[in-house]
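Residue numbers (my numbering): 6 to 168. Idealized CB from N, CA, C, for every residue including glycine. Computed from a predicted model, the values in this text were never measured in an experiment.
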């Protein structure tokens, strides 16, 4: 519930804050979270519309896709395949909304997250990203996912940087 998420954010201020949680829930995003007693030990978010990405960019997604983002497992709980179980919960909730494909991003140097994604049943279907030059973002994607309805944009202008 929203109340549980808000309470849990007090323990993870570097990863979540109350404003983020409230805005995400208001957009209709969902969060699968794992608890050890009252302590949140891991989470993964999913969006069915738009979500913040970084560098001032947002991601927009359309049906039948869901955008999996902002996942975290506390260091002392890693290696237990917790992210895989959280992804399963997220996927069940997404399927209930008719979203049959999950897209997510992993930075090229984040090998641990890439391996966790593979263990969670994910696969590489292509590459999407952007580079920044003189303060402007230039998106790119590989041919395999050219027609995927996912795009980067600036929050103030959804048409500025489509990919």
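Quick check: what's the CA-CA separation for residue i versus residue j?
{"i": "residue 51", "j": "residue 44", "result": "21 Å"}
{"i": "residue 84", "j": "residue 125", "result": "12 Å"}
{"i": "residue 38", "j": "residue 76", "result": "9 Å"}
{"i": "residue 98", "j": "residue 142", "result": "33 Å"}
{"i": "residue 31", "j": "residue 111", "result": "25 Å"}
{"i": "residue 155", "j": "residue 67", "result": "7 Å"}
{"i": "residue 152", "j": "residue 42", "result": "44 Å"}
{"i": "residue 80", "j": "residue 114", "result": "18 Å"}
{"i": "residue 150", "j": "residue 87", "result": "28 Å"}
{"i": "residue 90", "j": "residue 58", "result": "23 Å"}
{"i": "residue 69", "j": "residue 130", "result": "16 Å"}
{"i": "residue 53", "j": "residue 119", "result": "22 Å"}
{"i": "residue 158", "j": "residue 106", "result": "21 Å"}
{"i": "residue 123", "j": "residue 117", "result": "10 Å"}
What are the residues that DSSP puts in a beta bridge with residue i?
{"i": "residue 156", "result": "65"}
{"i": "residue 55", "result": "65"}
{"i": "residue 41", "result": "44"}
If contacts are defined as beta-carbon pairs under 8 Å, then residue i and residue j qualify, I think. What distance do you get, rounded to the angstrom?
{"i": "residue 72", "j": "residue 64", "result": "5 Å"}
{"i": "residue 104", "j": "residue 35", "result": "Wrong, their Cβ atoms sit about 10 Å apart, outside the cutoff."}
Provide the residue span of the alpha helix (DSSP H) that contains residue i, from first to last.
{"i": "residue 123", "result": "116-124"}
{"i": "residue 96", "result": "87-100"}
If you follow the beta strand (DSSP E) that residue i is part of, which residue opens it and which one closes it?
{"i": "residue 209", "result": "A query on residue 209 cannot be resolved here, the shown segment of the chain reaching from 6 to 168 and no further."}
{"i": "residue 135", "result": "133-138"}
{"i": "residue 144", "result": "141-146"}
Do residue i and the ligand HEM come close, with the Cβ less than 6 Å from some heavy atom?
{"i": "residue 39", "result": "Ligands in the displayed structure: none, and consequently the ligand HEM is not present."}
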